[in-house]
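Read the structure below first, then the notes.
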């Protein structure tokens, strides 16, 4: 029996326990900040109902355009054997971007909207899939 070893073991356990509390508090703080951002900054609204008015050379982005891009994202996910959740995440990111001032600017340009959708899908694949796109 070695009293010094037992004392060191107890000290190590106490440090690990304290570390767990610190991690727990940090995690709670992080979650609170994320919740506040969700409520204030990342709100999604019906961005298609507030299309800017002005002279148009082509039709602005509309519900049909979004539906086509959603189908395209799901088709790509299916073809590449990615989860459908990855396509849903991409569309969620696209919708959130479209609700920002920069996103609102591209509502009159379908090509820019398609580029934003492709970028959202590419980003979602890079983050959530094990095998990346080539």
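Numbering (our numbering), first residue to last: 109 to 242. Glycine included, every Cβ here is placed at the ideal spot set by N, Cα and C. Values in this document were obtained by computation on a predicted structure and should not be read as measured data.
Item: The segment 194 to 203 in contact with the segment 138 to 149 per 3-pair CB rule at 8 Å; Value: no
Item: Sufficient close CB pairs (3 or more, under 8 Å) joining the segment 197 to 217 to the segment 166 to 182; Value: yes
Item: Inter-residue Cα distance where the pair is residue 230 and residue 157; Value: 27 Å
Item: Runs of alpha helix (DSSP H) wholly within the segment 147 to 217 (minimum 4 residues, chain order); Value: 171 to 187, 192 to 206 and 209 to 213
Item: Beta-carbon proximity list for residue 153, same chain, < 8 Å, skipping 5 on both sides; Value: 207
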